[in-house]
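Novice: Residue numbers (full-length UniProt numbering): 1 to 136.
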Amino acid sequence: MNQLKIQIPSLIENIRVVESFIDNSKEKFNIEDDIYGNIMVAVTESVNNAIRHGNKFDKDKNVLLSLFVEDDRLRFEVEDEGRGFDYNSLSDPTAPENIENPGGRGIFLMRNLSDEVEFSNDGRKVELTFFINNNA
1 MNQLKIQIPS LIENIRVVES FIDNSKEKFN IEDDIYGNIM VAVTESVNNA IRHGNKFDKD
61 KNVLLSLFVE DDRLRFEVED EGRGFDYNSL SDPTAPENIE NPGGRGIFLM RNLSDEVEFS
121 NDGRKVELTF FINNNA
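#1: For alanine 136 and glutamate 32, what's the separation of their Cα atoms in angstroms?
#2: Assuming alanine 50 contacts valine 78 (C-beta within less than 8 Å), just tell me the rounded distance between them.
#3: From isoleucine 8 to isoleucine 22, what does the alpha carbon distance come to, in whole angstroms?
#4: Cα separation between aspartate 34 and glycine 103?
#5: As a quick exercise: from Thr94, Lys125, Val69, Arg83, pick the residue whose alpha carbon is nearest that of residue 139.
#6: Suppose the cutoff is 7 Å on Cβ atoms and the five residues either side in sequence are ignored; what does the same chain contact list for glutamate 73 look like?
#7: Where does isoleucine 99 fall in DSSP's three states?
#8: Cβ atoms of methionine 1 and valine 43: under 8 Å apart, would you say?
#9: Should leucine 74 be flagged as near chain B, meaning a C-beta pair shorter than 8 Å?
#10: Within the UniProt domain "Histidine kinase/HSP90-like ATPase" (8-129), note down every full alpha helix (DSSP H) run reaching 4 residues or more, in order along the chain.
#11: According to DSSP, simplified to helix, strand and coil, what is asparagine 2?
#12: Report all residues from its chain with a CB closer than 6 Å to the CB of glycine 84; omit the five preceding and five following residues, and keep chain order.
#13: What's the C-alpha gap between valine 63 and valine 41?
Given below as structure tokens:
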């Protein structure tokens with residue numbers, strides 16, 4: 001199994017670093033275009049949540065992004081140093097009373113763009129899995 005890791009301070013401008021990490025991973029591991037877009041949106045949204053909600057923009061706290069490349073899947077892990085959250089009691093962003101809210105769609109997007117989403121460590125860590133077809 002191949003893996004790559006980066007650690008970034010909790011500054012919103014570091015989303016560019018994450019985008020470069022994903023672009024470099026696409027090249028290195030020949031990630032197909034059809035899942036590249038889903039990965040880009042889901043992973044950057046996850047890191048954005050870690051910076052914004054997890055670490056509360058505290059530049060002294062870091063976000064760790066890891067990529068594990070296996071035969072049939074790519075697994076991204078995003079971990080922050082925050083207090084965590086109750087990921088089982090999130091409001092539905094598609095409910096009529098929430099449709100006008102400007103936020104609250106990040107985890108919904110992650111769940112709809114990834115093949116598997118798993119939270120752990122009291123919500124401080126999320127794993128996003130994308131299945132790949134490796135016919136090489």
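Glycine included, every Cβ here is placed at the ideal spot set by N, Cα and C.
Only a predicted model underlies this, so the values are computations on that prediction, with no experimental measurement involved.
Specialist: With the given structure in hand:
#1: The predicted model places alanine 136 with a pLDDT of 45, which falls under 50 and marks its position as unreliable; any figure quoted below should be read in that light. Taking the straight line joining both Cα atoms gives about 12 Å.
#2: Contact holds; Cβ gap of about 5 Å.
#3: Distance between the alpha carbons of isoleucine 8 and isoleucine 22 is about 14 Å.
#4: C-alpha separation (whole angstroms): 26 Å.
#5: Limits of the chain in this structure are 1 at one end and 136 at the other, which puts residue 139 out of reach.
#6: Checking the displayed sequence, the identity of residue 73 turns out to be arginine instead of glutamate. Cβ neighbours of arginine 73 beyond the five flanking positions: Thr129, Phe130, Phe131, Ile132.
#7: The three-state secondary structure of isoleucine 99, taken from DSSP, is coil.
#8: Remark: C-beta atoms of valine 43 and methionine 1 do not approach each other more closely than 8 Å.
#9: Going by chain labels, chain B is absent from the structure shown, which holds only one protein chain.
#10: Assignment of alpha helix (DSSP H) within the UniProt domain "Histidine kinase/HSP90-like ATPase" (8-129), counting only whole runs of 4 or more residues, yields 15-29, 33-49, 106-113 in chain order.
#11: Looking at asparagine 2 - three-state DSSP - the assignment turns out to be strand.
#12: Counting only residues of its own chain and dropping the five nearest sequence neighbours on each side, glycine 84 has a CB closer than 6 Å to the CB of Asp122, Gly123, Arg124.
#13: Their Cα atoms are separated by approximately 17 Å.
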